[in-house]
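In the working numbering, the protein residues as written are 40 to 267.
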């Protein structure tokens with residue numbers, strides 16, 4: 040049914056490449072915590088016998104989705120199965136959890152403008168809300184509790200072809216600004232957009248928005264010590 044679902048933790052482990060060990064790993068309890076959060080927030084109603092202390096890998100946890108509260112377009116970042124496969128199934132030495140967290144972080148900040156059924160814009164001034172993300176590496180690394188090096192590896196993965204699959208994100212290096220003439224120029228954050236039709240326009244609008252934010256007419260060249 041449309042408003043009913045279930046979850047089996049072993050299936051999540053199989054999908055994400057985790058091993059089912061006798062001593063349950065941290066991620067097992069993180070899944071339990073997520074379910075409890077959704078249940079206590081009145082977003083789902085767990086209908087099966089759910090004993091958090093005795094739930095096993097293969098137990099079927101049944102639930103009803105409370106649709107009037109669980110509005111994914113407003114309150115949650117949506118991720119498709121193909122996006123998840125790109126992250127979890129690709130060959131890489133980078134921790135898949137870190138890649139997933141980096142993608143969800145960026146994706147959650149990309150405002151998706153409402154559109155009509157024929158994909159026509161509803162907003163009369165869509166250029167004011169580009170579907171794009173830009174934030175300093177330092178801020179991102181702090182929010183995600185990652186080192187800049189780890190974050191750079193994740194972003195490189197997300198913006199590269201993986202097993203002949205197109206990247207999930209498109210990166211645009213912008214340039215530099217010099218707020219204080221007595222100080223060297225500073226690089227602005229990169230722009231990241233979802234790799235979908237029309238991304239070039241989103242980048243163009245995002246650059247224009249950044250020009251307004253930094254109150255400059257144009258950006259200078261990137262400085263030599265630049266990192267994503």
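Each residue gets a CB set at the ideal place from its N, CA and C atoms; glycine is no exception.
Residues near residue 166 in its chain [Cβ-Cβ closer than 6 Å; skip 5 each side]: 244
C-alpha distance - residue 267 paired with residue 176, whole-angstrom precision: Low local confidence applies: a pLDDT of 48 at residue 267 is under 50, so the model's placement there is unreliable, with the coordinate-based value given in what follows. The alpha-carbon atoms of residue 267 and residue 176 are separated by roughly 7 Å.
Three-state class that DSSP yields for residue 102 in the structure shown: strand
Of the listed residues 214, 237 and 221, nearest to residue 246 (C-alpha basis): 214
4 or more residues per run - each alpha helix (DSSP H) lying fully within the region 164-230: 176-183 and 187-197
Per-residue burial, residue 192 [other beta carbons within 10 Å of its own, 16 or more giving buried]: buried
Distance between beta carbons of residue 127 and residue 190, contact taken as under 8 Å: In fact, because the Cβ distance is near 19 Å, the residues do not count as touching under 8 Å.
Span separating the alpha-carbon of residue 90 from that of residue 82: Computed Cα separation, rounded: 19 Å.
Reduced DSSP secondary structure (H/G/I, E/B, other) of residue 267: Residue confidence is low: residue 267 scores 48 on pLDDT, short of 50, so the model does not pin down where it sits. Its coordinate-derived value is still stated next. Residue 267 falls in the coil class under three-state DSSP.
Extent of the continuous alpha helix (DSSP H) run through residue 161: For residue 161, there is no enclosing alpha helix (DSSP H), since its DSSP letter is neither H nor E.
Own chain partners of residue 140 with C-beta closer than 7 Å, once the 5 adjacent residues on each side are dropped: 183
Boundaries (first-last residue) of the beta strand (DSSP E) holding residue 43: 43-47
Stretch-stretch touch, CB-based, cutoff 8 Å, three pairs: the region 64-80 with the region 115-124: No, they do not touch.
Member of 84, 230, 124 and 63 whose CA lies at the smallest distance from the CA of residue 92: 63
Pair within 8 Å by beta-carbon distance, residue 171 and residue 232: Their beta carbons are under 8 Å apart, which means residue 171 touches residue 232 by this criterion.
Distance, residue 229 Cα to residue 259 Cα: 14 Å
Closest by C-alpha distance to residue 134, when choosing among 144, 84, 225 and 196: 196
Own chain partners of residue 86 with C-beta closer than 7 Å, once the 5 adjacent residues on each side are dropped: 101, 102 and 103
Any non-hydrogen atom of the ligand ATP within 7 Å of residue 140 CB: In the structure on display, the ligand ATP does not appear, and there are no ligands present to speak of.
Beta-bridge partners of residue 154, as assigned by DSSP: 160
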